[in-house]
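Engineer:
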Ligand code: NAI
Ligand code: 15L
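Numbering (our numbering), first residue to last: 26 to 297.
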């Protein structure tokens, strides 16, 4: 993939969730955008590979630790937290308190830009095929989706109140390949994710911008015209995987995987 670096690298970027699936990918791909990349997770990370990396173990639920983590960074890519549907108690510390701690630390340390990894599960209860844009009412499909909705609202509030700008990425399904029929619509390639992050970091005057993170797939449910100022143009498509995905058995007509935008997440739980 070729980067289209739009501006000079940042002095220091923070990436939370650096040990995760996307974090490991971004550890490689963010290097051109920053002199120093500070990598953080609650899970073990391999040691810094040179002066261009810093590795900090941090629990997002720990406010004082997050405050220290953010000290000295110019912008934050907030990808850490529980990334699937879990009990409210599990989501609370990592995602809800976690994103609050990130914005409070950003305020205290004068950070002016956040890229927030939100999720399609904020709108997961819409039916597949319904077309949504950034103004569509939310229909979270669980505690996880609710935590991402809260993060988006925090982003909006911290811009209105403190001028901290955020691009909230409502990511569809970002994996090496789409795993199922639903993901033929929701898939976001790693190259397109990187392009989107580049635009989210460098586009001026984003305020709080909400953008759906998907590749240029043949059938999509999300319309990004309200995020046109980002200038994001996806270049990949799930189409080349269609044949192998459609070789899988077709789920029953009432299977959530076939009915809802959030797929199987809508049927997860309860957790008591
Ligand atoms: P992941 O689960 O692989 O990575 C999340 C990371 O956050 C993990 O390394 C985990 O250890 C860390 N984490 C969890 N609780 C923490 C805590 N209390 N303190 C510090 N770190 C903690 O998830 P993935 O796929 O890499 O996703 C990254 C982000 O993007 C997540 O926020 C996820 O919700 C979001 N996202 C991902 C999508 C995808 O398709 N991969 C789709 C939509 C959103
Ligand atoms: C997400 O929000 C999850 O983090 C990821 O693991 C996938 O399940 C993705 O959504 C999806 O909806 O495919």
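Idealized CB from N, CA, C, for every residue including glycine.
Fair warning: this is a prediction, and the values are worked out from it, not measured in the lab.
(1) Just to confirm the assignment: which complete alpha helix (DSSP H) runs, minimum length 4, are found wholly within the region 125 to 192?
(2) What alpha helix (DSSP H) runs, 4 residues minimum, are completely inside the region 265 to 290?
(3) Indicate whether residue 133 and residue 92 have their beta-carbon atoms separated by less than 8 Å.
(4) In its own chain, which residues sit with a C-beta less than 6 Å from the C-beta of residue 225, not counting the 5 before and 5 after it?
(5) Between the C-alpha atoms of residue 269 and residue 52, what's the straight-line distance to the nearest angstrom?
(6) Where does residue 137 land, buried or exposed, given buried means 16+ other C-beta within 10 angstroms?
(7) With 16 as the cutoff for other CB atoms within 10 Å, does residue 28 come out buried or exposed?
(8) By the three-class DSSP mapping on this structure, what secondary structure does residue 229 have?
(9) Just to confirm, is the Cβ distance from residue 152 to residue 61 under 8 Å?
(10) Going by DSSP, name the residue or residues bridged to residue 220.
(11) Just to confirm the assignment, what range does the alpha helix (DSSP H) spanning residue 54 have?
(12) Excluding sequence positions up to five away, which residues of its chain have a Cβ less than 8 Å from the Cβ of residue 236?
(13) Would you kindly report the start and end of the unbroken beta strand (DSSP E) that includes residue 61?
(14) Excluding the five sequence neighbours on either side, which residues of its own chain have a C-beta within less than 8 Å of the C-beta of residue 197, listed in chain order?
(15) Rounding to the nearest angstrom, what Cα-Cα distance links residue 266 and residue 115 in this structure?
(16) Check this for me: beta carbons of residue 175 and residue 121, under 8 Å apart or not?
(17) Have a look at 150, 98, 84 and 69 and flag the residue whose alpha-carbon is nearest the alpha-carbon of residue 34.
(18) Does residue 33 come out as helix, strand or coil in the three-state DSSP assignment?
(19) What's the gap between the Cα of residue 215 and the Cα of residue 155?
(20) State the Cα-Cα distance for the pair residue 76 and residue 82, rounded to the nearest angstrom.
(21) With distance defined between alpha-carbon atoms, name the residue in 123, 66 and 297 nearest to residue 45.
(22) Please classify residue 110: is it buried, with 16 or more other beta-carbons within 10 angstroms of its beta-carbon, or exposed?
(23) Kindly examine ligand 2 and report whether one of its heavy atoms sits closer than 7 Å to the Cβ of residue 109.
Structural biologist: Quick answer:
(1) 168 to 187
(2) Here the runs fully enclosed are 267 to 271 and 281 to 284.
(3) yes
(4) Closer than 6 Å at the Cβ level, and outside the excluded window around residue 225, lie 140 and 192.
(5) 30 Å
(6) exposed
(7) Any answer about residue 28 is weak, because its pLDDT of 48 lies below 50 and its placement is not dependable; what the coordinates show is given next. Per the 10 Å Cβ criterion, exposed.
(8) coil
(9) no
(10) Its beta-bridge partners do not exist; DSSP assigns none.
(11) 46 to 54
(12) 159, 192, 193, 194, 195, 221, 225, 249, 252, 255 and 257
(13) 59 to 66
(14) The beta carbon of residue 197 is closer than 8 Å to those of 145, 208, 210, 211, 212, 213, 237, 238, 239 and 247 in its chain, skipping five residues each way along the sequence.
(15) Linking residue 266 to residue 115 through their CA atoms gives a straight-line distance of about 34 Å.
(16) Yes, these two residues count as a Cβ contact at 8 Å.
(17) 98
(18) coil
(19) 25 Å
(20) 17 Å
(21) 66
(22) It counts as buried.
(23) yes
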